[in-house]
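Read the sequence shown against my numbering and you will find it ends at 185, with the numbers running on by one and no gaps. We put the beta carbon where it would ideally sit given N, CA and C, even for glycine. A quick note: this is a predicted structure, and the numbers were derived from the prediction, not measured.
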Amino acid sequence: MGDGKGGADMSGVAWRVGAWALGVALLVALGAGLVWWGLAPRIDLQSQRADSAEKAAGEAQQMVSLQAGVLAEQQRQIGQITEIDQRMRALAQTVSTNARAQGAALEELRRNDQAVDEYLRERVPAGLGRLYERPETTDPAAYRSPAVLPAGGVRPAGAAGGAGERPVAAGPG
Numbered sequence: 013m014g015d016g017k018g019g020a021d022m023s024g025v026a027w028r029v030g031a032w033a034l035g036v037a038l039l040v041a042l043g044a045g046l047v048w049w050g051l052a053p054r055i056d057l058q059s060q061r062a063d064s065a066e067k068a069a070g071e072a073q074q075m076v077s078l079q080a081g082v083l084a085e086q087q088r089q090i091g092q093i094t095e096i097d098q099r100m101r102a103l104a105q106t107v108s109t110n111a112r113a114q115g116a117a118l119e120e121l122r123r124n125d126q127a128v129d130e131y132l133r134e135r136v137p138a139g140l141g142r143l144y145e146r147p148e149t150t151d152p153a154a155y156r157s158p159a160v161l162p163a164g165g166v167r168p169a170g171a172a173g174g175a176g177e178r179p180v181a182a183g184p185g
């Protein structure tokens, strides 16, 4: 230790160890840089994918909301259609009931018409015929005779309340 060589020898070893440590540190830094250089595009790509996924998730949420609105509107329309169908069935039942009643009334009229037709085919009883016998109804020449009422016998419309006339009372009196 005292001859001077040991100190230089020791400083050479320290220098070698320091250089070796510096080399190892440079290699580690170079390796870390290479790893970062290789992973940075992947990290950026994954970040872009995450942003795209978030955007797609937002659009999907909007689509789900839109579809929920469409489904709610369809349910409302189905409810209206069901209500209309029920009303239509009730109306069909009413029409059917009315048609049966009308058919029954028409059948009654047909039977009545048949009875009236049979009655009119029979001879009119002599007493009844003489009761209503008038030349206007039995004589064709009298049927076409001039009117029984004179033309001036009826007042024209709107001439009521003229001079010297009394207004017609609405009630008895």
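*Reducing DSSP to helix, strand and coil, say where P137 ends up.*
coil
_Coarse secondary structure for R146, derived from DSSP in three states_ = coil
*Work out the CA separation of G115 and R122 for me, nearest whole Å.*
10 angstroms
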